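Protein sequences, first through last, are from chains A and B. Start counting the first sequence at 194; every next residue gets the next number (the working numbering). Start counting the second sequence at 46; every next residue gets the next number (the working numbering). Think of the CB as a built atom: it goes at the ideal place given N, C-alpha and C, for glycine as much as any other residue. Please read all numbers here as calculations on a predicted model, not as lab measurements. Read through the structure below, which is laid out as C-alpha cells, and then see the notes.
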Amino acid sequence: MPKIILKNILSKKSNTEALTLLLIEQMKAHISITDEKNNYLCGNTELVTQYEHPVKLHEEIIGWVKGDEKAVHIASLLALLVQKEFDRKNLGSEVLVLYQEVNMVFNFSDKLAQAIDPVAIAQIAVDEARHLINSVSGVVVLWDETTGQLQIPATSGSDLFNKEKLISYADLLLKIGLSGQSEIMSDLTPLKETGIIGDEVQSIIYAALKVKHRIMGAIILAGDKTMQYTASHLKFLTTLALQSSSAIESALLYEKNIREALEREEAMRRIYEVTAKFVPYEFIGSLGYKLITDVKLGDQVEKVVTVLFTDIRDYTSISEQMTPEENFQFVSSYNERMGPIIRNHHGFINQYLGDAIMALFPESAERSLAAAIEMQQDLREFNVLQKTKNLPSIRMGIGMHTGPLVMGITGDNDRLDATTISDAVNTASRIESLTKYYKANILLSEVTLQQIQHPENFHLRYLGKVQVKGKQSSIGIYECFGSDSEEQIDKKEKTLLIFNEGMHHYLNKSFANAIKSFESVTDVNAEDRTAQFFLDNSVRHLQKGVPESWSGVVEMSNK
Amino acid sequence: MEQKILIVDDEPHIRMLIEQTLEELEDEGVEFLTAENGEIAFDIIQQESPQLVFLDVMMPKMNGMEVCRKVKKELMLDDVFIVLLTAKGQELDRQKGHEVGADIYMTKPFDPEAILSKAREVLGLQ
C-alpha cells in the first residue's frame, strides 16, 4: 500500500491539480492545514478554529483542515487529491513490479542466450530462478528419452534434495505432480517419507520444462519457510521455465547435430583409414591428391623411384607342409613384421603378392637399402620365433633397382586399381630372383648404387653384370652384406680386396687367378657362399673352357 | 540545501517508473522534477540546479547527448551528476556519452535497484 503524505501533495509544483492548490492558496487566511499529528503545514497560524475537518484516505485520517464550516470543502478537495495521488502511486507500483519482472526475464534471456550447452543452460535457469524467487535450494530434472531415466543436470543452493532418490523415484514424482503442470506443492509428506527432500524443506514450488506438449522435466525450488510461495512466484517461475525449455531444447538439438556430424566424420575417417591400407596414401599423394575420393580413372604420374622386391625362398616347398590356414597365418605374420620397416624408411608397399612384397621408395635409394638391411636382420629374429614354435625358418631375397615409374589408376569406371607400370619393377623383380643364384641376401643394381651418396656405409661388393632378357644393355650388380652377422661383415670386409681381385680375374677369363683369389677368401671365411659360388664357376670354366665371346654377363631369364 | 532529482524521458511511463522507483527518496525530502524533452530539461537544469539527472538519450527536441554536452561543456556544471539512459543494444553510444561528459550510463530496461542505489549514493543518502 503506498503511503500518502499530505505535505508532499501540498508542495507539488508541476501538478495538474494546480487549480485546487491555487484555491487553497486563496483561502489560506481563513484556514490552517496540519498533518495527522497536528503539525502545521500551511495556512493561518493565528486562526482561532471553530471546526476541525479531517482529511481522510480510506477512513484513515492523514491530516486536518481547520477553519469555519466552509473549510469542510477544502478538506474534501484535499481528500480528492490524496485519493488521486494514492491511485497514481498504486498504479505506479504495480507497473513497477511488472517492469521489474520484465527486466528480470529480459536479463534471464540474455544470460540463456550466452550458453549453448544444455547443462550450462540448466545451471543458469536454476541459479536465476532460485535467486529471483528467493529459495534455499533448487534443482533441474530432465527426462532422458534415450535412457528412459531422469537426469539432474544442475543444482543450486544448499543440498536439500537427495539426487539419487530424486532419480530413482521418477514414478512417484510423476504421480504427485511432475506431469507437465506447475504448482506450489501442498503436501510434502510423500517427498519427505522417501527421503527425496530433507526435513528442513517447508515449501516446494516447481514448473514443468516443456516444449509444445512434450515434457522435458522441471525446475524445482525448495524453501525453508512454510507458505513461502505465492501465485505470482508460480507465474514467474512458469515464465522462466518456458524460456529455459526452449533454450535447453535448442541446445540438445545442437548437441545432437554436433554428435551426428562427428559420427559421420568418424565414419568417413575410418573409411579413409581402411582405404589407405589398400591404396597407400603416398600413392594418392603422388598423384597430387589428398583424398582417395578425388582419384579418377586415367590419373597418372611419372617418378624416379627405387623398387624393392622381396621373396621368400623355396616358399612353395615350405607352404606344401602347411594347411591353407597356416599358410595365411604365416604370410600374415611375416608381412606384419616387414610392412612397418618399409614405412619407417619412408617407403610404401605397392603390393603384397602372396609371399612377395613390392615396395617403392620415392625419397632415396639409401632409404631403400637401409630398409632391406633391417628387413633381413628382422627376419633372423622372426626365425628365432619360428624355431620356438617348431616352425621352419625361412630365407628371403631382396632385389632393388631404380628407374622411372608410372603410377596410375587403371581399370574401368566400376573397378579401379592403383597400378604401377615400369621397367624398373621387372628389373627389380629379376634382380631379386638372382639372390638365389648368387647366394646373396640383398642385391642392387648399379643404377641404384649411383643414387646412394655414401655407399661406403653399406658393405657392398661388385658381382659383375647381368643382362635382362629382351634388353640390349647389361647392368652391374652389387651385393650388400650389411645385414649379415657382425662376424660375417667383419670377415667379408677383410677379404673384400681379394674378392674384388677374384672378380676382376674372373670377368677377364683369368680363371686360374680367380680360383686363387676366391680360395683365399673361402679359406678365411668358409661361410662366404657367394665367393664359393664364383670359385665353383671358375673351376668349371677352367675345366670346360668358355666361348670366345664370354664376357661374364649373366643372362637373367628365369622369372 | 534542498535536494532535487530531474527525470528526463519523452515516454511518460518511463518517467513514472523512475519516479516510482525513487519514491522512498521523496518521503525523505527529495524533490522530483520531470521533463519530457531536452529543451525543457535544459531550462530546468539551469533554473533548479538538480544534483542528479536521469537523462534519456533518444528524445525529440535536443537529445540527451546534446543536453549533457551543453550542461557539462558549456555551462560547466560539474556538480550536476548526469546518468545517461541508453537503450540496450545501443551500447556504442557509450563512447559518445563519455565524450559529452556524462557521469555514468545505464541501459534500459533499467534495473530499479541499481537506479535507487545510484541515486542514494549521489545524493549521499543512506
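- Straight across, the Cα-Cα distance linking GLU73(B) with GLY416(A) is about 35 Å.
- Distance between ILE255(A) and ASP123(B), taken at the CA atoms: about 41 Å.
- Residue-level contact check: TYR292(A) touches chain B, since one or more beta carbons of chain B fall below 9 Å from its beta carbon.
- Residues of chain B whose Cβ lies closer than 9 Å to the Cβ of SER286(A) are, in chain order, GLN65 and GLU68.
- Listed along chain B are GLU71 and ASP72, each with a C-beta nearer than 8 Å to that of ASN201(A).
- If you draw a straight line from the Cα of ALA617(A) to the Cα of ASP571(A), it is about 26 Å long.
- Annotation: ASN232(A) to GLU81(B) spans about 35 Å, alpha carbon to alpha carbon.
- Linking LEU199(A) to ASN300(A) through their CA atoms gives a straight-line distance of about 38 Å.
- With contacts defined by Cβ atoms closer than 9 Å, GLN92(B) and VAL125(B) do not form a contacting pair.
- Interface annotation, MET151(B): not in contact with chain A, CB-CB separation never under 9 Å.
- Interface with chain A (9 Å Cβ-Cβ cutoff): PRO157(B) is included.
- Counting C-beta pairs with one atom in each stretch, the segment 665-676 of chain A and the segment 704-711 of chain A have fewer than three that are closer than 8 Å, which means they do not touch.
- DSSP, reduced to helix, strand and coil, places SER667(A) within a strand of the structure shown.
- Chain B places no beta carbon closer than 9 Å to that of VAL319(A), leaving this residue out of the contacts.
- Excluding the 5 residues flanking it on each side, ILE50(B) has same chain C-beta neighbours closer than 8 Å at LEU67, LEU70, VAL75, GLU76, PHE77, LEU78, PRO95, GLN96, LEU97, VAL98, PHE99, ALA164 and LEU168, in chain order.
- A straight line joining the alpha-carbon of GLY738(A) with that of GLN544(A) spans about 43 Å.
- Within the model, the alpha-carbon separation for TYR447(A) versus MET409(A) is close to 16 Å.
- A residue is called buried when at least 16 other Cβ atoms come within 10 angstroms of its Cβ; GLN569(A) meets this threshold and is buried.
- Annotation for LYS582(A): no alpha helix (DSSP H) segment contains it, and DSSP assigns it neither H nor E.
- Take the alpha-carbon of VAL494(A) and the one of GLY540(A): they are about 17 Å apart.
- Not one beta carbon of chain B lies nearer than 9 Å to the beta carbon of LEU433(A).
- Residue state for GLU475(A) is assigned as helix, using DSSP reduced to three classes.
- Legend: CB atoms of the segment 228-251 of chain A lying less than 9 Å from CB atoms of chain B are not found in any residue.
- Around PRO154(B), the beta-carbon contacts reaching into chain A at under 8 Å are TYR292, VAL295, ASN296 and PHE299.
- Straight-line measurement puts the Cα of ILE682(A) at about 12 Å from the Cα of ILE566(A).
- Per DSSP, SER302(A) has no beta-bridge partner at all.
- The residue among ILE413(A), SER286(A), THR242(A) and PRO585(A) with its C-alpha nearest the C-alpha of VAL265(A) is THR242(A).
- Put simply, the backbone Cα of GLU694(A) is about 34 Å away from that of VAL497(A).
- With 16 or more other Cβ atoms from the protein chains shown falling within 10 Å of its own Cβ, THR628(A) counts as buried.
- Separation of the CB atoms of PRO154(B) and ASN296(A) is rounded to 5 Å, and the pair is thereby assigned contact status at 8 Å.
- For the segment 108-119 of chain B, the beta-carbon criterion of a distance under 9 Å to any beta-carbon of chain A is satisfied by none of its residues.
- Chain-order list of chain B residues neighbouring ILE198(A): ASP72, by C-beta distance under 8 Å.
- Judged by DSSP secondary structure, TYR699(A) falls within the alpha helix (DSSP H) whose first and last residues are 689-700.
- The C-beta of LYS282(A) comes closer than 9 Å to at least one C-beta of chain B.
- Residue-level contact by beta carbon fails for HIS143(B) and chain A, as no gap is shorter than 9 Å.
- Pairing LYS277(A) with THR152(B), the inter-Cα distance amounts to about 31 Å.
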